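In the UniProt record's numbering, the protein residues as written are 1 to 258.
Cβ atoms here follow ideal geometry from the backbone N, Cα and C, with glycine treated the same way.
It should be emphasised that the depicted structure is a prediction, and the values quoted were computed from it without experimental measurement.
Step one of this worksheet: look at the structure below.
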Amino acid sequence: MASILGQTHRDLTCLVVNDGDDPAPLRAALDGIDDGRLVVVDLPHNRGRYFVDAVTAQACLTEWWVPHDADDASEPHRIEALLAAAEQGTDAVFSPFTNHREDGRVEHRAIRGRTPDRRMRYTAHLSQLWRTSAARRLTHPGYRVAYDAVMTTAALYYGHVVIHGEPSYHRIRQPESLVTSVATGRGSPHRRETRQKLKRLWRRIDTGSSTLDDAGRWIHADTDPGLVAEVDEQAARLRETLLGGVGDRVREQRDRVG
């Protein structure tokens with residue numbers, strides 16, 4: 001959060017989402033931060049990070065949306081540089097990232113491009129600059145792990161993606177993160193089962209799509225209607241919070257975009 005509020009691009013809203021946990025520790029940690037761009041919201045249930053992505057993209061009032069994991073950090077110039085790289089019609093701007101492992105090793109991870117066999121794979125970290133309209137098409141609230149592979153691969157094949165710059169996002173791996181924990185980490189039964197479901201979804205997308213809108217329709221068809229309704233409900237609540245908590249600056253942004 002500090003690295004977002006410290007960006008050289010100042011005209012932003014930093015939205016911190018508590019997805020179903022006890023709100024008291026988070027509120028205590030943020031107590032004393034006097035910045036009108038900071039908005040904190042509590043969701044009633046823990047549905048996973050991709051549910052949060054779907055809610056926040058749906059509620060977003062501005063042209064661009066940047067998801068950011070709580071444990072990670074962005075260099076101060078990152079959002080400004082990604083915005084500068086965006087072109088007319090750009091759906092997303094992807095940049096490499098630096099991976100900080102639990103054992104202290106540091107790796108620079110490049111963007112992985114298209115493959116001749118059109119495989120779904122982990123092409124980029126999900127924390128990129130997304131046009132809000134594109135993010136709304138591609139988010140899916142029904143998965144807890146691995147869905148970023150579908151979202152980024154679909155953007156590369158069916159959207160207009162700009163690849164930009166050097167690594168400026170720092171992924172800080174934690175012992176109990178989604179990719180390392182026993183329950184959801186690599187090799188876990190849950191992740192293996194989810195990957196098989198996502199491969200089937202990707203085959204439907206790849207055989208039935210020629211545009212980002214097509215891909216979005218396949219993703220929507222894969223989503224439980226009850227979850228869609230819940231996303232809509234929480235997004236409506238969040239929009240009210242954003243408008244009430246951020247004031248005229250956000251309302252002016254909404255008017256410029258819409």
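Quiz item: Among 60, 67 and 180, which has the Cα closest to the Cα of residue 103?
Solution: 180
Quiz item: How about residue 213: is its Cβ closer than 8 Å to a heavy atom in the ligand GTP?
Solution: Of the ligands one can find in the structure shown there are none, so the ligand GTP has no counterpart to examine.
Quiz item: Going straight from the alpha carbon of residue 250 to that of residue 61, what length do you get?
Solution: In this predicted model, residue 250 has a pLDDT of only 41, less than 50, meaning its place in the structure is not dependable enough to derive any value.
Practice problem: Drop a sphere of 10 angstroms on the beta-carbon of residue 248, count the other beta-carbons inside from all chains shown, and report buried for 16 or more, exposed for fewer. | Solution: Any answer about residue 248 is weak, because its pLDDT of 47 lies below 50 and its placement is not dependable; what the coordinates show is given next. Residue 248 comes out exposed.
Quiz prompt | Start-end ranges of the alpha helix (DSSP H) lying completely within the segment 170–240, minimum 4 residues | solution = 189–208 and 212–221
Quiz item: Does the beta-carbon distance from residue 165 to residue 76 come in below 9 Å?
Solution: no
Self-check item: Three-state secondary structure (DSSP) of residue 109
Solution: strand
Practice problem: Could you name the residues of the same chain whose beta carbon sits closer than 6 Å to that of residue 74, not counting the 5 residues immediately before and after it, in chain order? | Solution: 3 and 169
Exercise. Determine, using beta carbons only, whether residue 242 and residue 39 come nearer to each other than 9 Å.
Key: yes
Quiz prompt | Identity of the residues DSSP links to residue 74 by a beta bridge | solution = 169
Quiz item: So, residue 140 versus residue 80, is the Cβ gap smaller than 9 Å?
Solution: no
Self-check item: Straight-line Cα distance separating residue 86 from residue 45
Solution: 35 Å
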